[in-house]
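S.K.: At position 162 of the sequence shown the residue is numbered 242 (the numbering used here), and the sequence of numbers has no breaks. I have a structure here, written as C-alpha cells, and I will follow up with some questions on it.
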Amino acid sequence: MTTFIWDMDGTLIDSYDVFMAALAETFETYGLDFEPVSTRKFILTHSVNDFLMKQASAFEELKKSFTGNTTKKNNEIKLMAGAREVLDWAAQQGIRNFLITHKGENAFKLLEDLKVSAYFTEVITSQSGFARKPDPESAIYLIKKYQLDKTSTYYLGDRQLDIDFALNAGIQSINFLPAEGSQQIQSLADVRQIFSSL
C-alpha cells in the first residue's frame, strides 16, 4: 500500500514568508543585524533552528521569540498550491498520510485551522522526542508502528535535508529539488502525475 509522509513547511504549507517576517522581528527585538537574502537562502538549505544556533549565546531567547512571532502570524499561513487536492486524491486512492515536522505544538493548530488535520494518521513534531531530520528515527518509528512497506512509502519535502532523511530511512523521496535518488516535482499537482504513470 502506498504511503505519503509529508514535510510541513515549504511542502504542505506556504510559511517561509512568515518565517522571514518573524525572524526580522526577533532580530530587531534583540538589536541584531538581519540580512534577508542570505538568511532565506540559509534556512531553505538548512533550517531556522540551525540559523538561530549561529547566534549561540542567545539561542534559547531567539528561538522563543521567533516561535512566538511565528505563532502570532498563523492566519497568514496558507496551504501550498495543490495540497488539498493531493490530500483529497490520496484519500480516494486509499493512500495513508503522515506528517513529520520540526515545528512544535503549533503544527497541530495550523493543521486544524487549515482544515487538513483529519487527513493525517499521525503527526510527529519537534516535541515528539525524536532526533531531528536527517536522522531517520521518526520515519523508522512510523515504518515499524504501521508496518509500512519502504518500497511504497514516499517522503514529500522541499529541501536537501528531506531528501537525505528519506534516503537515511530507506524510503522513497519526492522533492521540489532535483537530486539523485529523488523524484523532482515542480508543484504538488505533479504528485498525481507520478502515480498515474506507475
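The C-beta atom is built at its ideal place from N, Cα and C for all residues, glycine as well.
1) For Val78, collect the residues of the same chain with a Cβ closer than 7 Å to its Cβ; drop the 5 residues on either side in sequence, then sort them by chain order.
2) Quick check: the Cα distance between Gln172 and Phe139, rounded to an integer number of angstroms?
3) Quick check: what's the CA-CA separation for Asp270 versus Asp168?
4) Under 8 Å between the Cβ atoms of Thr181 and Ser145?
5) Taking Cβ to Cβ, would you say Ile175 is nearer than 8 Å to Thr83?
6) Do Gln252 and Pro258 have their beta-carbon atoms positioned less than 8 Å apart in this structure?
7) Report all residues from its chain with a CB closer than 8 Å to the CB of Glu185; omit the five preceding and five following residues, and keep chain order.
8) In angstroms with no decimal places, state the Cα-to-Cα distance between Ala101 and Gln266.
9) Could you tell me the alpha carbon to alpha carbon distance between Tyr221 and Leu228, rounded to whole angstroms?
10) Tell me, to the nearest whole angstrom, how far the beta carbon of Leu268 is from that of Gly162; I am working on the premise that it is less than 8 Å.
11) For Asp87 versus Asp238, is the C-beta spacing smaller than 8 Å?
12) Please go through the same chain and pick out, in chain order, the residues whose beta-carbon is closer than 7 Å to the beta-carbon of Met160, but skip the five residues on each side of it.
13) Could you tell me if Asp244 is buried or exposed, where buried requires 16 or more neighbouring beta carbons within 10 angstroms of its beta carbon?
14) Name the DSSP bridge partner or partners of Tyr234?
M.R.: Once the coordinates are examined:
1) Any property of residue 78 remains undetermined from this structure, which presents the chain solely from 81 to 278.
2) 44 Å
3) Answer to the nearest angstrom: the Cα atoms are 14 Å apart.
4) A distance of 8 Å or more separates the beta carbons of Thr181 and Ser145.
5) At a Cβ-Cβ threshold of 8 Å, Ile175 and Thr83 count as neighbours.
6) Between Pro258 and Gln252, the gap from beta carbon to beta carbon reaches 8 Å or more.
7) Thr205, Gln207
8) 25 Å
9) 10 Å
10) 4 Å
11) yes
12) The residues Thr91, Leu92, Ile93, Asp94, Leu268, in chain order, have a CB closer than 7 Å to that of Met160 in the same chain once the five nearest residues on each side in sequence are set aside.
13) buried
14) Phe84, Gln252
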